[in-house]
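Just so we're aligned: 724 in this note's numbering is position 277 of the sequence shown, and the numbers increase by one with no gaps anywhere. Cβ atoms here follow ideal geometry from the backbone N, Cα and C, with glycine treated the same way.
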Amino acid sequence: MGWLDRVEDQVDALTRARALQEASRSAEAYVLLERVIRTTSDPAARADAMVQRLSALINLGRTAEFTRAIEEASSAVRDLAEPYLHGHLNALAALAAHHQGALDRCVMHLVRAARALGAVEDPDRDTAWGWHDLAMAYSYLSFHGYALGAIERARQLGVTAGIPEETFAAPGIRLRNAVALDHNGDSDGCLRVLRDVASDLARFVRTGRAGQLRPSSLAAYGYAAARQAALGDHVETSGDAQPARLLSHGGDSARARDMRQLGQVCLAVADGRPIEAVTRLDTVRVSNETLGAAEPARLRSIALTRAGDHVAAHRADRLSFRLAAQRNDRLRDVYIDGIAARIDHEEMRREAARFEGEALTDPLTGLPNRRRLERYITAVVTRGERVVIGVCDLDGFKAVNTRHGHHSGDLVLQRIAGVINRVMRRGDFVARYGGDEFVVVLPDTNMAEAAEVARRIEAAVRLEDWESLVPGTPVGVSIGFAEVSGGSGLRDALSVAFELADREMLRAKSRPRAS
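Here's what the structure looks like:
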């Protein structure tokens, strides 16, 4: 079952909007989607319409409206457990962030989109388009390897869903890869990629499938051919593969409009009219995000070289290279900032864990405190294990504080903690309950075994050298044990067990001790 199969209202309108956007008629799609948003009461239909509306705004280049559209779509999608919607929204948000120049947000959305789309259990044609838009975002950010992987995923899902292979030909991805190579001084590499793009188009024309190509793809093929010609390569100039004809496609896509303007510059250079090309460059206004901020400067350098003004061409080429380097620097900064943020997060996590550990540990003795004791007992009893609780209270501790001061009292508590810990069995639990009271928990133990543990504790405390620590003030311990009964509620059972153990401890304290 695909995503739209779960939408209960205005499915025809949403399907129509998809078809309009695929045909590069995003302005019409936008009007239709606004109508759905105003009239639907179905949360799924509303969320889908808002995600599609964001796509239309990106296609139309209406940058000022991106932020509001993302916020509204995010609010609509947030409570829907549909990974496709979250994935597609984040892919589009990545595109929007890139056009707004926010590379850090762009990378964040890319990661979220890939994870969500990868979690779709029943991928359909909508999921394929989600991967397509993710591939576009990767491509605009110059992550060309990721872009090629994502578009291949889109193509595979699309073929399974009955979408023709050529729909996801995505020549724009390889086109951006090619011009990036040229901006960084590798014109030969650029030409190799552009020739591969031309070969794909020739294959589609030869097999009669060129008519299935999306209008925006045709515009990208046109620019690839024009750019190839501007670099001095021979290209087909007649029939369906004619660059000027291909560049006329693209509908109301802002990216196609940019390629159309820059494509005319390339064709002027290829036709031996470099001064006209330079004049055109003085008047065109294109987004830096379509083919990179360096592309107009690189085209100016090519045109000026053809015109014989090599000094000006060199200046333009240096500007082009500098703009490309600035982009790479920004990407590096995003990477470094991301690593720094990750380090900060890890440090915060460790700090939180440290504070949590402190909140569960008695700072004087290093033993678990009352809160951790209660958690431990609850967990053991919940598992159905047999448990005996022992309450240990010091004898003579008040006299220690009175005669020797609280510092000596603290030393006694620390030594008692060590003595009890030393004689306990593996798996037993010791905690400081408060004041001079300690609690031991003996899992899977009966009362006879508990009595033996009590004798070991009493003997170890009695044999300790208290005279050297608190002269003239003997220290002992009284212990009472009780078994936790599972017959009543857990909280009541623990409360009863503590009360019984405390009562047994008081009895032990009142019994005469052997000298």
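What residues are listed by DSSP as bridge partners for residue i?
i: residue 838; result: 886 and 927
i: residue 876; result: 888
Can you have a look at residue i and say buried or exposed, based on whether 16 or more other CB atoms are within 10 angstroms of its CB?
i: residue 571; result: buried
i: residue 535; result: buried
i: residue 579; result: buried
i: residue 700; result: buried
i: residue 775; result: exposed
i: residue 836; result: buried
i: residue 486; result: exposed
i: residue 952; result: buried
i: residue 705; result: buried
i: residue 966; result: Shown here, the chain extends from 448 to 962; a query on residue 966 therefore has no answer.
i: residue 730; result: exposed
i: residue 910; result: exposed
i: residue 773; result: exposed
i: residue 918; result: exposed
i: residue 632; result: exposed
i: residue 840; result: buried
i: residue 518; result: exposed
i: residue 946; result: exposed
i: residue 583; result: buried
i: residue 662; result: buried
i: residue 537; result: buried
i: residue 962; result: Model confidence at residue 962 stands at a pLDDT of 46, short of 50, so the residue's coordinates are unreliable and nothing is read from them.
i: residue 829; result: exposed
i: residue 611; result: exposed
i: residue 948; result: buried
i: residue 816; result: buried
i: residue 742; result: buried
i: residue 494; result: buried
i: residue 753; result: buried
i: residue 533; result: buried
Is residue i helix, strand or coil when you go by DSSP?
i: residue 490; result: helix
i: residue 815; result: strand
i: residue 962; result: The predicted position of residue 962 is uncertain, since its pLDDT is 46 and thus under 50; a value taken from the coordinates is nonetheless stated next. Of the three classes helix, strand and coil, the one that applies to residue 962 here is coil, per DSSP.
i: residue 988; result: Within the shown structure, residues of the chain are numbered from 448 to 962, placing residue 988 beyond reach of any answer.
i: residue 808; result: strand
i: residue 989; result: Any property of residue 989 remains undetermined from this structure, which presents the chain solely from 448 to 962.
i: residue 917; result: coil
i: residue 689; result: coil
i: residue 651; result: helix
i: residue 513; result: helix
i: residue 566; result: coil
i: residue 793; result: helix
i: residue 848; result: helix
i: residue 675; result: helix
i: residue 701; result: helix
i: residue 734; result: coil
i: residue 528; result: coil
i: residue 683; result: coil
i: residue 454; result: coil
i: residue 761; result: helix
i: residue 633; result: coil
i: residue 832; result: coil
i: residue 696; result: coil
i: residue 508; result: coil
Taking residue i as part of the alpha helix (DSSP H), name the residues at either end of that continuous run.
i: residue 861; result: 853–870
i: residue 576; result: 572–587
i: residue 604; result: 591–607
i: residue 630; result: 618–630
i: residue 743; result: 742–754
i: residue 722; result: 721–730
i: residue 462; result: 458–469
i: residue 922; result: Taken as a continuous stretch (DSSP letters only), residue 922 belongs to no alpha helix (DSSP H), as it is neither H nor E.
i: residue 975; result: Because the chain spans 448 through 962 in this model, residue 975 falls outside it and cannot be assessed.
At a cut-off of 8 Å, would you count residue i as near the ligand PLP, judging by its Cβ distance to the nearest heavy atom?
i: residue 596; result: The model depicted lacks the ligand PLP and carries no ligand whatsoever.
* Is the segment 621–628 close to the segment 588–601, with three or more CB pairs under 8 Å? -> yes
* Asked: Do the segment 834–851 and the segment 888–897 meet, that is, are 3 or more Cβ pairs less than 8 Å apart?
  -> yes
* Are at least three pairs of beta-carbons, each pair with one atom in the segment 548–568 and one in the segment 715–728, less than 8 Å apart? -> no
* At a cut of 8 Å, does the segment 680–697 reach the segment 719–728 through at least three beta carbon pairs? -> no
* State whether the segment 808–815 contacts the segment 917–930, with contact taken as three or more CB pairs (one from each stretch) at a distance under 8 Å. => no
* Decide yes or no for the touch test of the segment 494–501 against the segment 456–469: beta carbon pairs closer than 8 Å, at least 3 of them. => yes
* Evaluate the contact criterion for the segment 632–641 versus the segment 666–675: three or more CB pairs, one atom per stretch, below 8 Å. => yes
* Asked: Do three or more CB pairs link the segment 504–511 to the segment 470–489 at distances below 8 Å?
  -> yes
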